[in-house]
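Chains as they are written, first to last, in our numbering: chain A, 1 to 233; chain B, 1001 to 1418; chain C, 2001 to 2473.
We treat Cβ as the ideally placed atom computed from N, Cα and C, and that holds for glycine.
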Amino acid sequence: MLELKQIIAGYGQNIVLNGLSLKVEAGEVFALLGGNGAGKSTTIKLILKQIKPQSGKATFDNIGIESANAYIAYIPENVALYGHLSAVENIEYFMALRGEKPTQDSIRKALFTAGLPSEFIGQRVSGFSKGMRQKTAIALSILQNAKLLLLDEPTSGLDPKAIEDFHNIIETMCKNGAAILMVTHDLLGASKIADKIGFLYKGKIEKTIDRKNGGLNLDELYAAYNEIGAVNA
Amino acid sequence: MSNYLAQEFKLLWRSNSFKILTLILALLALFAIGRGIILSNHIARNFAKIEQLQIKERENIAKTYAAAGDAGSAAYFGFELIKQTPNPFNFITQGQSDLGPQATRIRSLALIPQIYESEIINPESLVKGRFDYSFLAVFLLPLFIIAVLFDLRASETEAGREVFLIANAKSFSRILIMRAILRMGILLCAILLPLFMGALINSAPMAAIFKIAFYIVLYSSFWVIICGIFIIFGANSRLSALGQLAIWSVLLIISPIMVRNWVNFKIPANQGFALSLEHREYLHGAWERDRQAEVDRFLKSYPQFSKTPKLGKTFEWKWYLAFHNNADEEMASSAKEYRMAIENRYKLTKKSASFLPPIALQLAIEETTNNGLLNHLEKQDYIAKKHKELREAYYSHLFDGASFNLTEYEAKKRILGD
Amino acid sequence: MPKVILIALAELKFILRNKAALIAALLFVLMNIFSANVAWNNYNQAQNEIKSYQNFANEDFANQPNRHPHRMVHYGHFAFRSQNPLAAFDRGVDQFVGNMIYLEGHRQNGANFSDALQSVNLLRIGDFTPAFMLQLFLPLLLVFIAYSCVSREREGATLPIILSQNIKPAQIYWGKLLALFAVALVLALPSIVFIAIITKSQISTALILILAIFAYCLIWCGLIVLVSLNSKTNNMALSYLLGLWVIGVIMLPRLGSEISGFLVPNFSRVQMDLETHAELRKMGDSHNPNDPYFNNFKASVLKKYNVKTVEELPVNYKGLLAVEGEKMTSQLFDKYNQKMFNAHETQNGIYSALGLIDPFISFQKLSNSMSGTDYKSYQSFIEQAEKYRYNMVQHLNGLQANALSYKDDTNKLLENRISNENWLKYPKFEYVAQDFKERFSRALQSLILLLLWSIGIIWLGLSQSKKLGGANV
Chain A
1 MLELKQIIAG
11 YGQNIVLNGL
21 SLKVEAGEVF
31 ALLGGNGAGK
41 STTIKLILKQ
51 IKPQSGKATF
61 DNIGIESANA
71 YIAYIPENVA
81 LYGHLSAVEN
91 IEYFMALRGE
101 KPTQDSIRKA
111 LFTAGLPSEF
121 IGQRVSGFSK
131 GMRQKTAIAL
141 SILQNAKLLL
151 LDEPTSGLDP
161 KAIEDFHNII
171 ETMCKNGAAI
181 LMVTHDLLGA
191 SKIADKIGFL
201 YKGKIEKTID
211 RKNGGLNLDE
221 LYAAYNEIGA
231 VNA
Chain B
1001 MSNYLAQEFK
1011 LLWRSNSFKI
1021 LTLILALLAL
1031 FAIGRGIILS
1041 NHIARNFAKI
1051 EQLQIKEREN
1061 IAKTYAAAGD
1071 AGSAAYFGFE
1081 LIKQTPNPFN
1091 FITQGQSDLG
1101 PQATRIRSLA
1111 LIPQIYESEI
1121 INPESLVKGR
1131 FDYSFLAVFL
1141 LPLFIIAVLF
1151 DLRASETEAG
1161 REVFLIANAK
1171 SFSRILIMRA
1181 ILRMGILLCA
1191 ILLPLFMGAL
1201 INSAPMAAIF
1211 KIAFYIVLYS
1221 SFWVIICGIF
1231 IIFGANSRLS
1241 ALGQLAIWSV
1251 LLIISPIMVR
1261 NWVNFKIPAN
1271 QGFALSLEHR
1281 EYLHGAWERD
1291 RQAEVDRFLK
1301 SYPQFSKTPK
1311 LGKTFEWKWY
1321 LAFHNNADEE
1331 MASSAKEYRM
1341 AIENRYKLTK
1351 KSASFLPPIA
1361 LQLAIEETTN
1371 NGLLNHLEKQ
1381 DYIAKKHKEL
1391 REAYYSHLFD
1401 GASFNLTEYE
1411 AKKRILGD
Chain C
2001 MPKVILIALA
2011 ELKFILRNKA
2021 ALIAALLFVL
2031 MNIFSANVAW
2041 NNYNQAQNEI
2051 KSYQNFANED
2061 FANQPNRHPH
2071 RMVHYGHFAF
2081 RSQNPLAAFD
2091 RGVDQFVGNM
2101 IYLEGHRQNG
2111 ANFSDALQSV
2121 NLLRIGDFTP
2131 AFMLQLFLPL
2141 LLVFIAYSCV
2151 SREREGATLP
2161 IILSQNIKPA
2171 QIYWGKLLAL
2181 FAVALVLALP
2191 SIVFIAIITK
2201 SQISTALILI
2211 LAIFAYCLIW
2221 CGLIVLVSLN
2231 SKTNNMALSY
2241 LLGLWVIGVI
2251 MLPRLGSEIS
2261 GFLVPNFSRV
2271 QMDLETHAEL
2281 RKMGDSHNPN
2291 DPYFNNFKAS
2301 VLKKYNVKTV
2311 EELPVNYKGL
2321 LAVEGEKMTS
2331 QLFDKYNQKM
2341 FNAHETQNGI
2351 YSALGLIDPF
2361 ISFQKLSNSM
2371 SGTDYKSYQS
2381 FIEQAEKYRY
2391 NMVQHLNGLQ
2401 ANALSYKDDT
2411 NKLLENRISN
2421 ENWLKYPKFE
2431 YVAQDFKERF
2441 SRALQSLILL
2451 LLWSIGIIWL
2461 GLSQSKKLGG
2471 ANV
């Protein structure tokens, strides 16, 4: 369970996150919505320890976020891999950064689970589409047994089929008990797979809609979005 | 850790540009070492040829003058070749000795017109400069270092991988440091292995080779630091490439010129011309001066011959050699001044090297391989020493009446070297 | 306004707004002016020195007392190398060749006291002259200023917008080239002015040099536009261009000179001395009373004057012998000198052939030749000095033959001095620099190569520019 409590963080004098609190349970998808400048990427940077909170607490499964590196997988909006290596080799490299050496079999299995067509597994990723590179990154998160997935605009620029594939994988990962935090503009996508949607405005969650509470129809989401003035901040 | 290194190596080795750069550097190093070996062999072969020719030359002197017991003519016509042990480091650089004579022949007449002899070299090839190993290490190695390090960080940032890498690694700087070490390790192997190969082929003393290798590693670290500064300040790849190339130009092209001009301005060394002109004046003036006085002056420097008989009315070799000796003595202080000027130029240049790593490396390599400007001066000192031995041997024949004959002359072959 | 001009103006505006480029350009111009100043001062200082030493040497020679002419043969003379003022533009081989030759009888000395052996050899890339700034740094600066001239439009996706304004790819090419060439000329201007000032009346020399500068600038501008329009990204354009600069300007010239050295090996002065001596011995030995060559010579002299013994000759036989001996040695010297010149010339020829693939080499060759600082100019100094030496020695030998009698000359108790009028009147050594025609004949090959390169690179650029119009922009 990822828990952010009253986070204040930013870049020097410029405070971006201003009392941000949120909770993502295991097996739950949390979609963070917000306009430009609301603090979405800063939230991700905070979880990736690229910036330190000035105050507040960030924990994962009750341990400080700074020691939870091994559990966290990050999938950027545009997964940039080493073009001159194959998908398998890229994964080998990134796993080596984590100090791990998965077997060829497990890598292939992970790539298969992530949905990368088998004929591409041994090919150089320089020819990969955006979706294929994303799948490679997801395979990486599978191999590292990530308990928290950070997804940055995961569906932007993907074609409808790729989006559907992506949703399927996310569901699988949830069932396996991962907590998923995704930052997105995509209301429609969020309405489909998110368990909770948080609306971020000026570094704070202004409103949270929970699927359990019956919400999550698109109109209601639009209404909420407009209400907090996040459409074009 | 070893798995990580292996993965980093794989990542690097799969990159064609790095492979090509490494290959080019290795080929250039092999070329530089190879041309050095060919050149030293060529010099050795030339010297062997010269020795053969010199033997014939001596045979002629022996037949014509020594057999007749004519020590004076033998001294006048008899050039002796100065033996030189081949420098085992010539394959690395010939440095300054490139310009000096490859072999020297001297005779017992005045030294000054003989010692400044230059070598026949195609000056156009000197303008371009030698592509020797020291040129490769001092001038080109930094370019290769810049080429493999300038976008070490910027390439990741610009490809959008930086955050992804950080998310997966404990620390980004650790990745960068490991990569820099790996790249530098491979580059240094490419440039240093040919050096060691050349050392083995030429059986050069290994201690000096390790010293040179150490200097090169030290010099490389200087360039790594330059690249590192750009990385720390997060410069983009364009700024890094241009900035580092600008630094290279300033350090390797502009500042050596400035140092040279400054040193030559501070310490003029044009005494060479004056020295030659004045020496000739004094030397040939002897024909107008009192001959006995000339011999007496000589005897002041060589009192051991003071019992020599007074001059007669006709030409005598001892007078001739005496005034040649006097002319050298007359100019000794100017010659020393000229030598000091050159030595001081070297010292001042070396001082400036404390601020300029490229000059420091060049001088360090030249010093270690005994091919610097000071070595050139030392060689001149050695020639002067040998010249003194040669002329003094003739003095004892001409002033002391020591017998001169064929066996005597042949025995003197030892002055070729020690 | 023509579209080409519009494109060129837009590019110029971009360049003028690039502060880093402006600073670099300003530094370049300042360095150029500074280098011209330094080179001009150095040139004048060296020339003054050489002139004054030549005067000393002339005075010394003229002021010798009455003496035996053979003493003067050994006293000898000094020849100093003076230079065309353009040596201040391009030093060429200047600092690596000796500045002074000692001219004496029976011996041929090399030119000694080169600058290079009197200081630490730091100038391994080149000396600080305006030519050096043009050859090396101007291309680098142009790369710095304009590497992105087309790739920027591609990367920033402005290219399709420009093309949609009914502008043809060729117009973009010409516009960019024009802008760049204008910048190059502005940067080269100080050097051009410097050439114009120092050449004074040598207008044709100046014009050829300036034409070559234009061509060299055009080649680099063409190359930059060509690479930029073929590169997907700015970074790629930059790395290709910097790579080309390093290869063309730093690496190839040195590799080329090494290779020409392998193909035609050098020989040393001592070896040449010894070989000359050995050959001379074979020809004849004037000290040997039974030598066939000199016996023949003696016979022919006696026959010519129709006498039986040398004592009966109306001239001094020792003088005649000296003339004959000098003739023999000089022939040999010339033979070996020619051998050396030929070896060097072959090396230099191989090197200049590399100008085919490297315009830097052609430009450097041309600028050396036109400035009178190339190998041939140096050779001409050596040859003139040798000619002077030979004439002087033979003049003195002639005096020995005619002004002294054989009887006196063989009397060891006599000093046999002749009047010092003879040296007082002897003409001075005056180095005559090669004229325009000679220098130009050597520069012609390089000039043609440079012009061919300019045309070739523009043709290539134009044909490649068609790619810009393709769908794949």
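Closest to residue i by CA distance: which of the options is it?
{"i": "C/Val2120", "options": "B/Pro1256, B/Gln1054, B/Leu1283, B/Gln1007", "result": "B/Pro1256"}
{"i": "A/Leu150", "options": "A/Glu89, A/Gly115, A/Ile47, A/Leu4", "result": "A/Ile47"}
{"i": "C/Glu2345", "options": "B/Leu1252, B/Asn1122, B/Ile1020", "result": "B/Asn1122"}
{"i": "B/Asn1087", "options": "B/Tyr1116, B/Phe1047, B/Tyr1076", "result": "B/Phe1047"}
{"i": "B/Ala1068", "options": "B/Phe1091, B/Met1178, B/Asn1405, B/Phe1265", "result": "B/Asn1405"}
{"i": "C/Glu2438", "options": "C/Glu2421, C/Ser2463, C/Ser2380", "result": "C/Ser2380"}
{"i": "B/Glu1158", "options": "B/Leu1239, B/Arg1297, B/Asp1132", "result": "B/Leu1239"}
{"i": "B/Asp1328", "options": "B/Leu1277, B/Glu1378, B/Phe1355", "result": "B/Leu1277"}
{"i": "A/Asn14", "options": "A/Ala73, A/Leu187, A/Gln54", "result": "A/Gln54"}
{"i": "A/Thr136", "options": "A/Thr172, A/His167, A/Val79, A/Glu119", "result": "A/Val79"}
What does a CB cutoff of less than 8 angstroms around residue i pick up in its chain, not counting 5 residues either side in sequence?
{"i": "C/Lys2327", "result": "Gln2394"}
{"i": "B/Leu1165", "result": "Glu1156, Phe1172, Ile1175"}
Closer than 7 angstroms by C-beta to residue i: which residues in its own chain qualify, once you throw out the five before and the five after it? Chain order, please.
{"i": "A/Gly157", "result": "Lys130"}
{"i": "B/Tyr1004", "result": "none"}
{"i": "C/Met2283", "result": "Tyr2293, Met2328"}
{"i": "A/Asn232", "result": "With a pLDDT of 47 at A/Asn232, under the threshold of 50, the modelled position of this residue cannot be trusted; read the value that follows with caution. Answer for A/Asn232: Gly35, listed in chain order."}
Which chain B residues sit within Cβ distance under 8 angstroms of residue i?
{"i": "C/Ala2039", "result": "Those do not exist, as C/Ala2039 stays about 10 angstroms from chain B at its closest Cβ, beyond 8 angstroms."}
{"i": "A/Asn145", "result": "Simply none; closest approach about 14 angstroms."}
Identify, in the order they occur along the chain, each residue of the same chain with its Cβ nearer than 6 angstroms to the Cβ of residue i, setting aside the five sequence neighbours on each side.
{"i": "C/Ile1983", "result": "A query on residue 1983 of chain C cannot be resolved here, the shown segment of chain C reaching from 2001 to 2473 and no further."}
{"i": "C/Ser2458", "result": "First, the amino acid is wrong: residue 2458 of chain C is Ile here, not Ser. Correct list, in chain order: Gly2222."}
{"i": "A/Thr42", "result": "Val16, Leu17"}
{"i": "C/Phe2194", "result": "Ala2036, Pro2130"}
{"i": "B/Ala1360", "result": "Ala1353"}
{"i": "B/Thr1054", "result": "Position check: residue 1054 of chain B holds Gln in this sequence, whereas Thr was assumed. Taken in chain order, the residues that qualify are Leu1081."}
{"i": "B/Arg1391", "result": "Ser1108"}
In chain C, which residues lie with their C-beta within 9 angstroms of the C-beta of residue i?
{"i": "B/Thr1104", "result": "Val2270"}
{"i": "B/Gln1096", "result": "Ala2116, Leu2117, Val2120, Asn2121"}
{"i": "B/Gly1129", "result": "Asn2121, Leu2123, Arg2124, Ile2125, Gly2126, Pro2253, Arg2254, Ser2257"}
Which residues in chain B sit within 9 angstroms of residue i, going by Cβ to Cβ distance?
{"i": "A/Thr52", "result": "Going by the sequence as given, residue 52 of chain A is Lys instead of Thr. Simply none; closest approach about 14 angstroms."}
{"i": "A/Gly127", "result": "Near A/Gly127 there are no residues of chain B at all, since even the closest Cβ is about 15 angstroms away, more than 9 angstroms."}
Chain C partners of residue i, CB-CB under 7 angstroms?
{"i": "B/Arg1345", "result": "Ser2119, Val2120"}
Which chain A residues are close to residue i, counting only those with a beta carbon under 7 angstroms from its beta carbon?
{"i": "B/Leu1011", "result": "Tyr82, Leu85, Tyr93"}
Between the stretch 2141 to 2159 of chain C and the stretch 2228 to 2235 of chain C, do at least 3 Cβ pairs fall closer than 8 angstroms?
yes
Along the chain, which unbroken stretches of the alpha helix (DSSP H) at least 4 residues long are found entirely within the stretch 2184 to 2247 of chain C?
2203 to 2230, 2234 to 2245
Inside the stretch 2309 to 2381 of chain C only - alpha helix (DSSP H) runs reaching at least 4 residues:
2317 to 2353, 2359 to 2371, all fully within the stretch 2309 to 2381 of chain C.
Give me the subset of the stretch 1276 to 1299 of chain B whose CB atoms are less than 9 angstroms from a CB atom of chain D, sorted by chain position.
The displayed structure is made up of protein chains A, B and C, and chain D is not among them.
Any contact between the stretch 2087 to 2107 of chain C and the stretch 1114 to 1130 of chain B? By contact I mean 3 or more CB pairs, one from each, below 8 angstroms.
As far as the Cβ criterion goes, the stretch 2087 to 2107 of chain C touches the stretch 1114 to 1130 of chain B, which means the pair count is three or higher.
Three or more C-beta pairs below 8 angstroms linking the stretch 1093 to 1102 of chain B and the stretch 2110 to 2125 of chain C
yes
Unbroken alpha helix (DSSP H) runs of length 4 or more, entirely within the stretch 1259 to 1289 of chain B: which are they?
1271 to 1285
Are three or more beta carbon pairs between the stretch 2085 to 2094 of chain C and the stretch 2035 to 2053 of chain C nearer than 8 angstroms?
A contact exists between the stretch 2085 to 2094 of chain C and the stretch 2035 to 2053 of chain C.
So, do the stretch 2415 to 2423 of chain C and the stretch 2322 to 2340 of chain C have three or more beta carbon pairs nearer to each other than 8 angstroms?
Per the Cβ contact rule, the stretch 2415 to 2423 of chain C is not in contact with the stretch 2322 to 2340 of chain C (fewer than 3 Cβ pairs under 8 angstroms).
Flag this pair as touching only if the stretch 1142 to 1151 of chain B and the stretch 1229 to 1247 of chain B have three or more C-beta atom pairs under 8 angstroms; answer yes or no.
yes
Could you tell me which whole beta strand (DSSP E) segments of length 3 or greater appear in the stretch 24 to 108 of chain A?
29 to 34, 55 to 60, 72 to 75
The stretch 2073 to 2082 of chain C contacting the stretch 2102 to 2117 of chain C, beta-carbon criterion three pairs below 8 angstroms:
yes
Is the stretch 2159 to 2176 of chain C touching the stretch 2002 to 2022 of chain C in the sense that three or more CB pairs, one from each, lie closer than 8 angstroms?
yes
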